[in-house]
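**Q** Right, I'll just put the structure down here and ask away after.
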Amino acid sequence: MENIKKTLVALCSQMSVSGYEYLAEKAIRELCADIFDEIKTDPMGSYVLIKRCKKENAPKLLIDGHLDTVGMMVTDIKKDGFLSVVNIGGLDTRVLPATEVTVYGKEEIYGLVTSTPPHLRKQGADSVPALKELYIDTGYSKEELEKIVKIGDPVGYRYKLTEMNGGYVTTSGLDDKACVCGIIEAMREIDVNDLKYDIYVTISAQEETGKNGSARASFGIDPDIAIITDVNFASGDGTPDYECIKCKDGCSVDISSLTDKDLTRNIIKLLNKKGIKHQIICEPSRTYTNNEGVLVSGQGTRTAVLSVPLKNMHTPCETVNLEDIKSLAQVICAIACEENL
Amino acid sequence: MKELLKELSLAFGPSGCEDEVRDIIEKYIKVAMPKGAELFSHKSGGLFLHIPNENKPKMMICAHMDEVGFMVTGIKDNGLLHFGCVGGIDPIVLTSKRVISEKGLCGSIIAKPVHLLSPEERDKRPKIENMLIDIGADSKEEASNLTFVGEYFTFDSDYIEYGDGFVKCKALDDRLGCAIMCKAIREIAKGNITSEYDLYFAFTCREEVSFSGAIGATELIKPDYAIVIESKAVADVCGVSERKKVCDLGKGAIVSFADLGTIYDKDFTRYIMDLCDKNEIEYQVHRMVSGGNDSRHIQLGACGCRVGLLSAASRYIHSPSDVVHYDDLDAIYKALTAVIKGGN
């Protein structure tokens, strides 16, 4: 569990708003150098990490998790040091007022999303303020700010990873760094002699903005099997149980018309046989994961989706249980050591 | 003063639970007591320092120790907590914010994933009664071992200096008043300031809920004059009309002629402005009749009392990200000490 925590902290302290994943290269290389045989980057900002099983003509197993997170981008520098911004990915604007952010200009600067007290805002405004009504307060004058920040610079949430009760941790960007962490830890734990595949891990870019990174990263790999890992809604208050999975019940195998039926069923059979804890969720049509990117890359391939339950998705308070990350790592290990899936 | 302000702001002290703040202030004052001064707590919950000056008019300087916060009102079967607000908090700043309990337990105010919201839910301002705190407990039993109905929570928020002289933390309202008063007391103790008044410093409780601390304090002291040191909610941010901005951060101490609770003593307020002019202390006049504080209850006290207000413009007040400007705190300190020294 200590390794999982360390890796998660390293990943989460790295800013990687969609389109800026390349900034994490040093961190990814430091984290993964001892675990993989080869680490490559691609022009879109994805990382391909290869771990070979050293067997001839071994089939290729691709394991994907995305590095990018939702965020914002500067669109204008206003009077008195306020920035107007636009969303990158599916931002939840309900959480923004009085939220802390970092603006990644020439240097990193602190910012706060503005909020207007009830008695000073427009009468009768009963709706959540739209992003265009909110600004980033930087505390600088316009002149000073223009020396540091340019239009187009990214903005990310600024909340450090905090441990809660019962193995839960909370911060922003756990979608999908929780899964990336699970993949890395699986590859750290696994014994190369047990590997049945050459493993191609894609830590992909730009999932939140259209799943493009994974399509690009997996294109040239042409894997025999692909496992896509992403977070899924944890059941909670007011969320329909059938659309959610439970925290602490292990990672889930997602059943969808867009995943390979036999691969998925074989994985479930394998996990049952080995007594590995997991849960099932059914997503009859789309999975809204990189599955849809990998599926159409190259000649297409057989895919399965694994997901980790996450509370408060796309907010600065995303919350995950470390046990579920460990479970993902165990399931990945089991798959990587099993022939004939 | 910055270090003390940081310590005070990070301290846990929602209304009715000001103990930690009171202890910090008491410890700070005891390091260097002004000559002849008496420090005492009172059953009304306040902490008072009396610096006697016989036959002089009584002056009470007042700031409140409490902050807005939350209280657990129920524990659900799934381990999530119902809560109510202690003091006035705009629900718009609550979704997905971090909170911390009396015992230091970390929690967050949950947000149903935006993907699962109906368009209507997505746009509607949230209501406190529909919000829940998650403390990482998966059952009522587990949660009951970690917290209890009636336990206090506050925002969990770091003290951060940013931009050009701004500072952000929870509870700057009104720990900034407490810090400014502590600094004045220290300077008096050092002999750098001599008071023209029979002087009382009153650190009050429960301003955010009932003003009861100030009511008790006024009855106890029966001052002739009072100055309240406070935070003032302003909206000097992009996209707000000049009038509704109220005041501007970094433009000096705010003096008010009126707010929603009080018409301040005109002569006393003008006297404060004259002192500021004479001593080249930056100040600004409150441009809108808005807000309210302990002043109303001090003015209404048994003996009648001339009340003045010195406040610091504060953005995003009653949120985890209360923001003020250091220059304004300096200006308030200078204006306060100018009054204590007395002009004529």
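From first to last, the protein sequence lines stand for chains A and B.
If you're matching positions, the first sequence starts at 1 in the working numbering and goes up one per residue.
If you're matching positions, the second sequence starts at 1001 in the working numbering and goes up one per residue.
Ideal Cβ positions, reconstructed from N, Cα and C, are used throughout, including at glycine.
Note that the structure is a prediction, hence the values are computed from the model and not measured.
With distances taken between CB atoms, is the gap from Val70(A) to Gly89(A) smaller than 7 angstroms?
**A** Contact flag set, yes.
**Q** Any beta-carbon of chain A closer than 7 angstroms to the one on Ala1235(B)?
**A** Closer than 7 angstroms to some Cβ of chain A, the Cβ of Ala1235(B) qualifies, so yes.
**Q** Can you tell which of Val231(A), Thr99(A) and Ile276(A) has the C-alpha that lies nearest to the C-alpha of Asp254(A)?
**A** Comparing Cα-Cα distances from Asp254(A) to each of Val231(A), Thr99(A) and Ile276(A), the minimum goes to Val231(A).
**Q** Within 7 angstroms (strictly less), CB to CB, does Tyr1316(B) reach chain A?
**A** Yes - at least one Cβ of chain A is within 7 angstroms of the one on Tyr1316(B).
**Q** Short of 8 angstroms Cβ to Cβ, which residues in the region 1165–1177 of chain B face chain A?
**A** Cβ contacts with chain A come from Gly1165, Phe1166 and Lys1168.
**Q** Helix, strand or coil for Tyr20(A), going by three-state DSSP, please let me know.
**A** Tyr20(A) falls in the coil class under three-state DSSP.
**Q** With a threshold of 16 other CB atoms inside 10 Å of the CB of Lys1278(B), please say whether the residue is buried or exposed.
**A** Lys1278(B) is exposed by the Cβ-count criterion.
**Q** Do three or more CB pairs link the region 1152–1166 of chain B to the region 1069–1076 of chain B at distances below 8 angstroms?
**A** As far as the Cβ criterion goes, the region 1152–1166 of chain B touches the region 1069–1076 of chain B, which means the pair count is three or higher.
**Q** In this structure, what does DSSP give as the bridge partners for Ala226(A)?
**A** DSSP, once it has assigned bridges, lists Leu62(A) and Thr303(A) as partnering Ala226(A).
**Q** Measuring CB to CB, does Arg1206(B) end up less than 7 angstroms from Gly1216(B)?
**A** Not a contact, by the Cβ cut-off of 7 angstroms.
**Q** I'd like to know whether the C-beta atoms of Lys1232(B) and Ser1311(B) end up nearer to each other than 7 angstroms.
**A** Their beta carbons are under 7 angstroms apart, which means Lys1232(B) touches Ser1311(B) by this criterion.
**Q** Quick one: residues in its chain with C-beta nearer than 6 angstroms to the C-beta of Cys247(A), no 5 flanking neighbours on either side, listed in chain order?
**A** For Cys247(A), where only same-chain residues beyond five positions count, the Cβ hits under 6 angstroms are Ala234, Pro309 and Asn321.
**Q** For Thr315(A), decide whether its Cβ has a neighbour in chain B, counting only Cβ atoms nearer than 7 angstroms.
**A** It does: the Cβ of Thr315(A) has a partner Cβ on chain B nearer than 7 angstroms.
**Q** Between the region 169–178 of chain A and the region 19–37 of chain A, do at least 3 Cβ pairs fall closer than 8 angstroms?
**A** Because the criterion of three Cβ pairs below 8 angstroms is not met, the region 169–178 of chain A and the region 19–37 of chain A do not touch.
**Q** Which ranges would you report for the beta strand (DSSP E) in the region 174–255 of chain A if only whole runs of at least 3 residues count?
**A** Runs of the beta strand (DSSP E) inside the region 174–255 of chain A: 198–204 and 225–233.
**Q** Quick check on Tyr1354(B) - is its C-beta less than 7 angstroms from some C-beta in chain A?
**A** No statement about residue 1354(B) is possible, as the shown extent of chain B runs from 1001 to 1344 and does not include it.
**Q** So, is Glu1242(B) buried or exposed, given that buried needs 16 or more other C-beta atoms within 10 angstroms?
**A** Per the 10 Å Cβ criterion, exposed.
**Q** Might you give, ordered along the chain, the residues of its own chain that have their beta carbon closer than 8 angstroms to the beta carbon of Leu112(A), omitting 5 neighbours on each side?
**A** Ala98, Thr99, Glu100, Val101, Ile136 and Asp137.
**Q** Taking 8 angstroms as the cut-off, does the region 292–306 of chain A touch the region 213–225 of chain A (at least 3 CB pairs, one atom from each stretch)?
**A** Yes: at least three Cβ pairs fall under 8 angstroms.
**Q** Taking 7 angstroms as the threshold (C-beta atoms), are Asp92(A) and His278(A) in contact?
**A** No, they are not a contact pair.
**Q** Based on the DSSP secondary-structure assignment, which residues constitute the bridge partners of Glu163(A)?
**A** In the DSSP output, where bridge partners are listed per residue, Glu163(A) has Val169(A).
**Q** Which of the residues in the region 1096–1126 of chain B, read from start to end, lie with their CB under 8 angstroms from any CB of chain A?
**A** Those residues of the region 1096–1126 of chain B that come within reach of chain A (Cβ to Cβ, closer than 8 angstroms) are Ser1096, Lys1097, Arg1098, Leu1105, Cys1106, Gly1107, Ser1108, Ile1109, Ile1110, Ala1111, Lys1112, Pro1113, Val1114, His1115, Leu1116, Arg1122, Asp1123, Lys1124, Arg1125 and Pro1126.
**Q** Which full runs of the beta strand (DSSP E) of 3+ residues lie inside the region 1156–1208 of chain B, going along the chain?
**A** Runs of the beta strand (DSSP E) inside the region 1156–1208 of chain B: 1160–1162, 1166–1169 and 1198–1204.
**Q** Look at Leu341(A) and Leu271(A) and say whether their C-beta atoms are less than 7 angstroms apart.
**A** The answer is no: Cβ separation not under 7 angstroms.
**Q** By the three-class DSSP mapping on this structure, what secondary structure does Lys1058(B) have?
**A** If DSSP states are grouped into helix, strand and coil, Lys1058(B) belongs with the strands.
**Q** Quick one: what's got a C-beta closer than 8 angstroms to Pro1126(B)'s C-beta in the same chain, skipping five residues either side?
**A** These residues qualify, in order along the chain: Pro1091, Ile1092, Leu1094 and Thr1095.
**Q** Bridge partners for Tyr104(A) per DSSP, in chain order?
**A** Answer is Glu108(A).
**Q** Kindly indicate if chain B contains any beta-carbon less than 7 angstroms away from that of Met73(A).
**A** No - not a single Cβ of chain B is within 7 angstroms of the one on Met73(A).
**Q** Against chain A, which members of the region 1006–1017 of chain B pass a CB distance test of less than 9 angstroms?
**A** Those would be none; no residue qualifies.
**Q** Output the distance between the C-alpha atoms of Thr239(A) and Tyr1316(B), rounded to the nearest integer angstrom.
**A** Near 31 angstroms, if we compare the C-alpha coordinates of Tyr1316(B) and Thr239(A).
**Q** Have a look at the DSSP bridge pairing and note the partners of Ser1108(B).
**A** Paired residues: Arg1098(B) and Asp1134(B).
**Q** Are any of the Cβ atoms in chain B nearer than 7 angstroms to that of Asp126(A)?
**A** So, interface residue.
**Q** Taking C-beta pairs closer than 7 angstroms, name the residues in chain B that Ala98(A) reaches, listed in chain order.
**A** Residues of chain B passing the Cβ test: Val1093, Tyr1316, Ser1319, Pro1320 and Ser1321.
**Q** Between Tyr242(A), Pro284(A), Ile228(A) and Gly45(A), which lies nearest to Val305(A) when the distance is taken from Cα to Cα?
**A** Nearest of Tyr242(A), Pro284(A), Ile228(A) and Gly45(A) to Val305(A), Cα basis: Ile228(A).
**Q** Near Ile109(A), what residues of its chain come up, given a Cβ to Cβ distance below 8 angstroms and the 5 sequence neighbours on each side ignored?
**A** Excluding residues within five positions, the ones whose Cβ falls inside 8 angstroms are Thr102, Val103, Thr138, Tyr140, Ile148 and Val149.
**Q** Going along the chain, which unbroken runs of the beta strand (DSSP E) with 3 or more residues stay wholly within the region 1036–1085 of chain B?
**A** Counting only runs of 3 or more, we get 1038–1041, 1047–1051, 1058–1064 and 1069–1075.
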